[in-house]
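**Q** Residue numbers (our numbering): 232 to 369.
For each residue, glycine too, the CB sits at the ideal point set by N, CA and C.
Bear in mind the structure is a predicted one, so any value in this text is a computation, not a measurement.
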């Protein structure tokens, strides 16, 4: 069906500038993927995992807004890069078998569901100095 996307509520056509921006983002994504392949996913996961583990306990140490923004940017980039490398590794090592991708997705969803209440309990028992290192090691 031609132009079926226009039947979606809230749809709007993209401007030429928006389309060009999306194409630039797609090109950067290909560059990042090639870089991960070159460095090997295992090294990317290790490096960015170490960065997250080191950055997370700094949150209670640096409670100022500019520092929190920088820490959040570092943590967000590191988690994203590690996740992309993890997906790459599943595709390479497991030859794209959906069962392994499903297990990875299931494990991350369990962590996302169980993590907040567990961290809340740790925060109640140990305060921020106990909770943030716990998050780093989770």
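In the structure shown, what three-state DSSP assignment does residue 355 receive?
**A** The answer is helix: DSSP assigns residue 355 an H, G or I state.
**Q** Between the alpha carbons of residue 245 and residue 256, how many angstroms are there, rounded?
**A** For residue 245 and residue 256, the distance between alpha carbons rounds to 15 Å.
**Q** Contact between the region 260 to 276 and the region 328 to 337 is defined here as three or more beta-carbon pairs at a separation below 8 Å; is this criterion met?
**A** Because the criterion of three Cβ pairs below 8 Å is not met, the region 260 to 276 and the region 328 to 337 do not touch.
**Q** Which of the three DSSP states is assigned to residue 245 in this structure?
**A** DSSP places residue 245 in coil when its eight states are reduced to three.
**Q** Would you call residue 338 buried or exposed, if buried means 16 or more other Cβ atoms sit within 10 Å of its Cβ?
**A** That one is exposed.
**Q** For residue 312, count the other beta carbons within 10 Å of its own beta carbon; 16 or more makes it buried, fewer makes it exposed. Which is it?
**A** Counting Cβ neighbours within 10 Å, residue 312 comes out buried, since at least 16 surround it.
**Q** Under three-state DSSP, which class holds residue 273?
**A** In this structure, residue 273 counts as helix in the three-state DSSP scheme.
**Q** Let me confirm a value: residue 345 is counted as buried when at least 16 other C-beta atoms fall within 10 Å, else exposed. Which label applies?
**A** Label assigned to residue 345: exposed.
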